[in-house]
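Numbering-wise (the numbering used here), the sequence shown opens with residue 2 and increments by one. Note that the Cβ used here is the ideal one computed from N, Cα and C, for glycine as well.
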Amino acid sequence: MARKHDELRGLLTDEYMRLSMELSETSWSRVLPWNGEEIIEAVALATAHDFDGDLDAVLRRPSPDDPVRPSDPLDWETDLEPLVGMEPADEEERREQRELDERRRALLTGVLATADRAVPVTVADLATLLVDLGVLTHEVLSDGRHRWRLASVVPSPADVLPMPAEWVRQDQKLRRDGAAGPAVSALLSHFTVHAQEPLLTTIDRLSGECRYSPDQIRAGLVSLRDSGDIRTERRAAGNGFQSADLDALANHARVLVTVDWDHVTATRVTFQLTVPAAG
């Protein structure tokens with residue numbers, strides 16, 4: 002067992018972890034079946050280690066004792082077996098997960114039909130589709146070796162398939178929230194001290210105070226606004242204020258930030274015990 006763990010650690014190089022991080026930002030996990038994700042992860046490993054081999058060899062490398070095989074049917078069912086020390090999923094949770102799995106399957110089937118592409122049945126079919134979509138590359142070298150690699154720039158599903166508009170909106174929000182996550186925490190911590198009352202500030206000032214780039218601060222403010230945690234306003238003609246367009250707001254322009262602390266404490270557990278009482 003220790004030898005297997007050592008072998009696995011040897012595969013998880015910095016380059017592989019970098020590729021995995023980039024892949025996590027492309028949203029394919031929201032579209033593909035589970036063994037589809039395993040295809041991409043196995044090819045990422047081959048890319049990181051400059052490993053050549055046919056699809057079967059590439060798929061065997063991460064898990065030689067229990068590999069995904071090219072002939073395997075696609076697996077859409079989420080494994081809800083509990084981790085050690087955790088309660089097993091109840092029937093309601095299993096039913097909800099089955100519905101989510103079926104929705105994901107219907108999504109991919111539908112967009113492929115719209116794009117006039119065949120729906121894959123096996124792992125090999127899906128690997129071929131991912132090559133056609135520009136997610137992976139596959140070539141046969143002059144000496145007969147197969148080379149599977151990640152594309153130099155992996156497209157998102159919406160780049161290569163006619164994804165529904167609502168899916169695209171949700172995906173953009175998830176990406177924005179994911180990128181903004183650290184800045185959101187820093188902003189909330191800052192506001193806990195400095196924004197018990199409406200705070201007149203700038204993106205540049207918040208950037209210096211929170212130690213995040215202006216772009217990260219802007220993304221954090223957008224995420225907090227869209228979540229209902231803050232209101233952002235600019236001075237309008239006269240003495241009033243109007244909603245601030247954060248996307249167009251100059252870094253040096255002043256913006257009034259009003260935090261809805263009731264909303265923050267109701268929806269963000271980590272701040273329920275840290276926000277000081279008003280007054």
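>> Suppose contacts are defined by Cβ-Cβ distances below 7 Å. Is Val32 in contact with Leu137 by that definition?
In response: no
>> For Leu188, which residues in the same chain have their Cβ closer than 8 Å to its Cβ, ignoring the five residues on either side in sequence?
In response: Leu207, Cys211, Ile218, Gly221, Leu222, Leu225
> At which residues does the beta strand (DSSP E) containing Leu257 begin and terminate?
Replying inline: 255-260
> Thinking C-alpha only, which one of Leu247, Val265, Trp262, Thr129 is nearest Ile204?
Replying inline: Out of Leu247, Val265, Trp262, Thr129, Leu247 has the C-alpha closest to the C-alpha of Ile204.
>> Rounded to whole angstroms, what is the Cα-Cα separation between Leu175 and Pro183?
In response: 14 Å
> CB-CB under 8 Å to Leu131, same chain, minus the five flanking residues each way: which ones, in chain order?
Replying inline: The residues are Gly37, Ile40, Ile41, Leu137.
>> Using 8 Å for Cβ pairs, my map puts Pro163 next to Leu257. What's the rounded Cβ distance?
In response: Rounded, the Cβ-Cβ distance is 41 Å, inconsistent with contact.
> What's the call for Ser28, buried or exposed, on a 16-neighbour Cβ count within 10 Å?
Replying inline: buried
> Which residue comes first and which comes last in the beta strand (DSSP E) that contains Leu60?
Replying inline: Segment 56-61 is the alpha helix (DSSP H) holding Leu60; no beta strand (DSSP E) there.
>> Can you check which of these residues, Thr268, Pro215, Phe242, Ala238, is closest to His253 by C-alpha distance?
In response: That would be Pro215, whose Cα lies nearest to the Cα of His253.
> Mind checking Pro165: buried by the 16 CB within 10 Å criterion, or exposed?
Replying inline: exposed
> So what does Arg232 bridge to, in DSSP terms?
Replying inline: Thr259
> Is the beta carbon of Leu60 sitting closer than 7 Å to the one on Pro68?
Replying inline: The answer is yes: Cβ separation under 7 Å.
> Are Ala49 and Thr14 touching if we call contact CB-CB under 7 Å?
Replying inline: Yes; because the gap between Cβ atoms is below 7 Å, this pair is in contact.
> Rounded C-beta distance between Arg235 and Ala245? I'm assuming under 8 Å.
Replying inline: 4 Å
> What residue does the alpha helix (DSSP H) around Phe192 start on, and which one ends it?
Replying inline: According to the DSSP assignment, Phe192 belongs to the alpha helix (DSSP H) that extends over 166-195.
> Cα-Cα, which of His264, Phe242, Leu201, Gly239 is closest to Ile231?
Replying inline: When the alpha-carbon of Ile231 is set against those of His264, Phe242, Leu201, Gly239, the nearest one is in His264.
> Which same chain residues, not among the five before or five after Arg269, have their C-beta less than 8 Å away from its C-beta?
Replying inline: Excluding positions up to five away in sequence, the list reads Leu189, Asp230.
> Can you list, in chain order, the residues of its chain whose CB lies under 6 Å from that of Asp172, leaving out five sequence neighbours each side?
Replying inline: Shown here for Asp172: same chain residues with a beta carbon closer than 6 Å to its own, the five before and five after excluded, namely Ser28 in chain order.
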